Amino acid sequence: MTTERPVTSRLFTTSVIEGRIDLDEKFDKAYNCVINLTRGLTEEESHHALNKALDDRKVHDEVCLGLLVSILADPAIAPRHYHDLTLVSRDSLKVVTETLIHQIIGERFSRLSESTRRQLLWLVRELVKTGINNVEGVVWCLLRQIAGGDVSPKNVWLAESLVDILRENRPWLDKFPVIVASVAYTYLRILEDHHGPQFASLRQKEVTFVVGLLRERFQDCLMIGRDLVRLLQNIAKIQEIEAFWRDLIHNPTSLSAGFTGILQLLQTRTSRRFFVVRLTPEMEKKMVFLCTDVKFGMQKRYQEWFQRQYLNTPESQTLRCDLIRFIIGCIHPSNEVLCSDIIPRWAVIGWLLSSCTSPVATANSKLALFYDWLLYNTETDNIMNIEPGILVMYHSIRPHPVLTTSLLDFICRIIPNFHPPLADKIRSGVCNSLKQILEKRVVQSLEPLFDNPRMDTELRKLIRDTFPEFCANSASGDVKPEDFVAPVSSANVTRMDLMVETGLDFTTSSVNSDNDVNNSNHIGEDEAMFSDEEEEPPTSKTPPPPPTAKVKVEENVVAVPVTEGVEVKAKVNDVNSVEEKVDISKHLEFLDSELRNILVELQNEKDPQPRCDQLQKVCNHLLSEDLAQDELSNLAACLCHILHDDLHPGCSLLPQDISPEGIQESLGRPLYVLFDNLVILPEDDRRRQPQLQLLVEMHKISQQVGYHFLYFLKSSNIKTEKVQENNERYFLIYRDLYKAAGLKDFAGFIIRDLRLCSEEDPRVLSWIIPDIYNSFTKQTMGNAELLQLVLERLDSSQLHDLVCMVLQGSLQMFDNNSFAAILEKSLQWETVEQLFLWQLAKAHEIPVDCCLSVMPKLKFTSHSAVVTNTHGEALSNILMMLRRESPSEVLLRTLLQRECRLEDPTVATILQYWVQRYEDKMAKLINDVVNNKPQPSPNKRKRNQSTKASAVPLDQVLSHLNHLRTACGQTTFFALTTMQDTLQTAQNQCTETQKKKYCDLFALIEEEEEEEPEPEPQRKTKSNRGRKPKGRKKQESESEEESSEASLQIEEDVKKPARKRKKNNQVGSDSD
C-alpha cells in the first residue's frame, strides 16, 4: 500500500490543466500521518497508537481527516478505518461531516474519481446507519448534486444510490422534517426526467419511495408550499401519483387531519431552500454570477457557454423551470444593482424562455414564471417574485413581440384552466399582482401591454374580457410606454453561508427552523446574492434571527434602461410601503424582563434626552449581565428598529456650522450612547467584548451603523480637543469592530461602509475620509476602488480641501508606486472623476515617469463622435507634465512606441514642442533611437531607466517623424546635419516598400543637396557637425584673404563630391 502519490490526486481527477491543489496536499499529509502511526500494527495496536496521538487537538483533526481520506481512497481497508474513526473521534465526527459538506461534496464533487464517489456513498450509508450528528447536512448536499435534466449514467447512479440509502434508513429520515421535504421535492422533480423505458425499475423505486413519504409524512411535506402542486402536475400520469392527486383534491383529510385542501397548499409560498436544492453548486454559482456581475449587453457569451454546458440535450430542457424558479425566488437584487448596468433578471428569464426547444418545457417554464401570480397575497408574498414576469413582457414588446403575446395569452388562459373550482380566486390573485405592480411602480401603466394596437384582435379581446379593470379608459391612458421604473427591492441583498441561509443549520441535529439564518458571513461583492425575504414561522420556539437590512430610499432618483436606450428617471417617494414592518415583540420574548421593560419604554419615548437615558440603562445592563449570543442578536434587532430614525435621519449628520459646539450637538442622538459606552472602556476591559458584539449584530442588520460609528469617532475626537493624541486610538476601535465581526477583508469592510455613506451622506464621507486614509494606510493607500468612491461624490470645494491637506503633508492617498495601477483603472471612470484624480496627482507631485507604462495604452481620436473610446483626460494631463520635462531617451522611446495615427496629434504635438526648445538635443536623441544607441546617463536612476527602454521599430520612428513633418509643417528641423545623417541612415536600413511609403520624408535629403549653397568654411571642424552655421564664424570666414580665384575654384571642386562622404570632407578641409 503506497503512502505517497506526488503527481496525481488521491481523491480527485486531474488533468494537464487542472492538477493538484492545496486541498490534495492537506489530505496527503493527514493520510501519511495515519499510515505512519499504524504501519505494521495489528488492529488493537493501531487503536492504542491512534488514541495516544490524540492528546493534541490539531493531531486529533489530522488523524480524523487522514482516516476519512483512507476510507475514500482505499476500499479494501475502509471498514477497518471507519471502525477506527468511530472509536478515536472525540467530536462526534464533526471534522468528517464538515469536510464532506464544505470541501468534498460542496466544492469538488464533480472532480471526484469514480472509485472515490462509490466510497463516498458507502461512507454516507454508514454515517446515516450510525446516526452521526450533522449527517443530514451531508445528505442535503448530495441531494443538490442530483442535477435536473441530466440522465447521464453518473447522475442516474447517484440518484439511485441515494434513494437506496434513504429507503434503508427510513426511521432516521423521519427525524428531520426539512430533509423529508427536500427529498420529496427532489425526487418529485427528477421523476420527470426518468420517463424513458431504460429507467423503468429506477422510476418505480423512486415512485414507491416518494409516494410513501407524501402519504406518511404529509405534514412535513406541507412546508414545500405551492410548488409541490406544480411538481405533482408534471408527473400526474404516473398511476401512484394520480391516486395521490385524487386524494389531494377530493379527500384531503385522508392525508392529514388538519389539511383543508389544495387551496391551502397554493396559498403557501415555497421557501427558497427548495429552489436552491434543485441546482448544483456549480450551476448556482454561474447563474448568480450571470445575474449580478455581467453587464447588460455583454451576456451573450456567458449564456452560450451555460447553454452548451447544461442545456444542450432534449432531456435538459426541464432544467429551465428550476432555473427560472431559482432566479425569481432567490436572486433579489438591491436598488443599487437594479439601477446599474448589470443584466436584469427579466433579461435572463427571457433568454431561458426564448431559447427553449421543447413545447412542453416552454409551457412549464411560463407556468414557473407566473406561478406566484396565481394566488398572490400582498400580505405574505413578495413583489420581487412577480416583478420579472411583468418586465419580461414589457421589454419584449418590440424586440420579441411573439414572446410578449404568448405570455399574455398564457396568463389569460391559465386563470380559468389551472384549477376550475378556484378560477375566481386565481383571477383575484392575478389582479392583486397587477395592482401591487402598479402601486409599487414597477410599471406606471399597463396600457402599453393590454391596449397595444399592434396586438392580435382576438388576444386584445381576450385581455379585455379577462382584465376589464386594467384596460380601455384607464385614468393613466396618456402614460407612454417608456414610463417604467425599476422596482424597489423589499430587502437589501445580503451575502450568507448557503447552508445556514437555506435554514439548514448542521451544527445541531435539528433543522426544523426555517428562520435559522446567520447573517454573519458578510463577504465581498462578487459572491452569491440571496434575498432576505421572510420565511415561514418556525415550527419550534427558537430565537428568531435579527431582520436583515432594509433599503430605505427617500426622494432618490432611480434610473433604469428601457427598450429604446433612454434612461427614464422617476422618484421613489414611498418605500416604507415596500419594506416589511418589523415587529419586535417576537424578539422581546427572548430577553429578560428587565431588559424587555427598558426597550418598551425606549420605544414609547419620543424625546431625545429620555431616550438617551433609557439607552444608557441598556448599556448598563449589558455591562452587568453576560448575554448569550442569541440574546445579543435579538437585542440588536430591537435596537435597530427602535433607533431607525437615528440610522436614517433624512439629513446630513454633519451640521452646517462645523464648530466644536455644532459637532457636539450632533452627537446628541440616542444611537451614539452605544458608541460612547464602547469608547470609554479600556482596551483590556472584558466588558468591552459584549458591547462590540452588539454593534456587530446591529451592523449586520443595518449597515448604516458603520458610517455612523466612523462619524462618531471623528466627532468625539474633535470634542475632546486632543485630536493628534486620540485620533489613532479612536479609529483603531473601528478595526476592533471589524475583528469582532470575524471577517477577513478589512479593506472591503471599509469600502462597504463608505459606499453606503457616499450614497446617503456625501458630506460626512468627505469629512471623515482623511482620517480613514491616515488611520488605515495599509488598506487605503493606492486603493483604486476607494479612491473612485471618494472622487465620484466630491464637489469642487471638497476637492480643494483634500488638495490643501495633501500639500500640507497631512494626507497621502497614493504614492509613485501605486499611481500607475490607479491611472490604468481610472480610464473607465467618468470625466469629472479623472480630472479630480489629476488634481490630486499634481498635489502629490507624481512624476511623469509613473505614467509612462500607461502611455502606449491610451487612445485618442480628434473630433470623435464616440468619446468613450478616447482617453483625452489622461493624455491632456500627461502632455502638461511632459512639457515641463526636458527630452530624454526614455521619454522619447516611450512616446515613439505609441501607435502612430493621423487622427491622434499627441506624439507630434510634444515632439514639435520639444523641437522648438531643444532642437539640437532632439536631433541627437532621434539619431540615437534610429541607430539604437543607449544614451549615457549622468546618474544611476536614469541609467536604469535607459536600460529598460526597449528598441523602437524603425517603421514606427519614421511614421512619427513623417507625422511631425506633415502635421506641424516642420522642415527646418530636418535640415540639420544630424537629422540629415539620421534620415540617410534610416533610408539605408529601409526596405523598398518603406522607401516608397516615406518617399516624401526621404526627399528632404535630396532637396537639401540640390539647394545647398557653396560650403561654409566653418563646417570644416568636427565640432561643428550637426549644427547651424554661427554668425560670428561666418564673418571670420569672409574676412580671410584668398590667394587667388583659381584656388577657391579648386577648393569647391574638392568639397562638392564630399557631401556624401562626410569623413573625407573633414580630412580634406584640414589639409587645405
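The sequence shown: position 326 = 334 (the working numbering), numbered continuously. All C-beta atoms, glycine included, are put in the ideal place defined by N, C-alpha and C. Every value quoted in this text rests on a predicted model; they were computed, and no experiment measured them.
When you compare only the Cα positions, how much space is there between residue i and residue j?
{"i": "Phe849", "j": "Leu655", "result": "The residue asked about is misnamed: residue 849 is Ala in this sequence, not Phe. Between Ala849 and Leu655, the C-alpha separation is close to 36 Å."}
{"i": "Glu323", "j": "Phe475", "result": "37 Å"}
{"i": "Gln153", "j": "Trp837", "result": "42 Å"}
{"i": "Val147", "j": "Asp182", "result": "13 Å"}
{"i": "Leu31", "j": "Thr107", "result": "11 Å"}
{"i": "Pro554", "j": "Ile187", "result": "Its pLDDT being 42, under 50, Pro554 is placed unreliably in this model, and the value from its coordinates should be taken loosely. Each residue's Cα considered, the two are about 25 Å apart."}
{"i": "Pro428", "j": "Leu331", "result": "28 Å"}
{"i": "Ser453", "j": "Lys443", "result": "10 Å"}
{"i": "Leu631", "j": "Ile688", "result": "12 Å"}
{"i": "His202", "j": "Arg468", "result": "40 Å"}
{"i": "Lys102", "j": "Leu73", "result": "10 Å"}
{"i": "Leu1012", "j": "Phe982", "result": "7 Å"}
{"i": "Asp684", "j": "Cys41", "result": "52 Å"}
{"i": "Ile350", "j": "Arg98", "result": "49 Å"}
{"i": "Ile830", "j": "Met821", "result": "11 Å"}
{"i": "Leu151", "j": "Asn425", "result": "33 Å"}
{"i": "Pro616", "j": "Arg763", "result": "28 Å"}
{"i": "Thr288", "j": "Arg328", "result": "14 Å"}
Within 10 Å of its beta-carbon, does residue i have 16 or more other beta-carbons around it, so buried, or fewer, so exposed?
{"i": "Gly817", "result": "exposed"}
{"i": "Ile257", "result": "exposed"}
{"i": "Trp354", "result": "buried"}
{"i": "His808", "result": "exposed"}
{"i": "Lys303", "result": "exposed"}
{"i": "Gly139", "result": "exposed"}
{"i": "Ala931", "result": "buried"}
{"i": "Arg47", "result": "exposed"}
{"i": "Gly337", "result": "buried"}
Nearest CA to the CA of residue i: which residue from the options?
{"i": "Asp653", "options": "Tyr680, Asn642, Asp665, Pro663", "result": "Tyr680"}
{"i": "Lys833", "options": "Thr869, Met821, Lys433, Glu793", "result": "Glu793"}
{"i": "Leu135", "options": "Arg119, Glu248, Leu969, Val104", "result": "Val104"}
{"i": "His403", "options": "Asp936, Leu415, Met392", "result": "Leu415"}
{"i": "Leu903", "options": "Ile109, Val450, Phe720, Val960", "result": "Val960"}
{"i": "Asn825", "options": "Gly790, Arg925, Ser805, Gln672", "result": "Gly790"}
{"i": "Pro864", "options": "Glu853, Cys479, Arg909", "result": "Arg909"}
{"i": "Lys137", "options": "Asn177, Leu150, Gly114", "result": "Asn177"}
{"i": "Leu900", "options": "Ser884, Leu860, Gly880", "result": "Leu860"}
{"i": "Gln637", "options": "Leu700, Gln617, Leu623", "result": "Leu700"}
{"i": "Met291", "options": "Gly114, Val345, Leu845, Met463", "result": "Gly114"}
{"i": "Leu603", "options": "Glu613, Leu635, Pro616", "result": "Leu635"}
{"i": "Met987", "options": "Asn940, Thr974, Gln997, Asp936", "result": "Asp936"}
{"i": "Leu1090", "options": "Thr990, Arg973, Leu298", "result": "The shown model of the chain, from 9 to 1080, leaves out residue 1090, and the question about it has no answer."}
By the DSSP assignment, the alpha helix (DSSP H) with residue i in it spans what residues?
{"i": "Ala431", "result": "431-447"}
{"i": "Leu174", "result": "161-176"}
{"i": "Pro864", "result": "Careful: Pro864 lies outside any alpha helix (DSSP H) and carries neither H nor E."}
{"i": "Gly145", "result": "143-153"}
{"i": "Lys752", "result": "First-last for Lys752: undefined, no H or E at that position."}
{"i": "Ala836", "result": "It should be noted that the sequence gives Gln, not Ala, for residue 836. Element bounds for Gln836: n/a, residue is neither H nor E."}
{"i": "Leu899", "result": "897-904"}
{"i": "Asn605", "result": "601-612"}
{"i": "Gly670", "result": "668-674"}
{"i": "Ser262", "result": "Looking at the DSSP string, Ser262 is not in any alpha helix (DSSP H), and its letter there is neither H nor E."}
{"i": "Ser804", "result": "804-816"}
{"i": "Phe20", "result": "Per DSSP, Phe20 belongs to no alpha helix (DSSP H) and is neither H nor E."}
{"i": "Glu290", "result": "289-300"}
{"i": "Ala192", "result": "185-199"}
{"i": "Met930", "result": "927-938"}
**Prompt:** Touching or not, the stretch 605-616 and the stretch 631-650, by the rule of three or more beta carbon pairs under 8 Å?
**Reply:** yes
Fill in: Stretch pair the stretch 305-325 + the stretch 273-285: three plus CB contacts closer than 8 Å
no
Original post:
Taking contact to mean at least 3 C-beta pairs separated by less than 8 Å, is the stretch 762-781 in contact with the stretch 709-722?
Top reply: yes
Handout entry: Cβ pair count under 8 Å reaching 3, the stretch 404-423 against the stretch 457-465
Key = yes
Three or more C-beta pairs under 8 Å: does that hold for the stretch 51-60 against the stretch 112-126? no
- Task: Mind the definition here: the stretch 374-386 touches the stretch 341-348 only if three or more C-beta pairs lie below 8 Å; say whether that holds.
- Result: no
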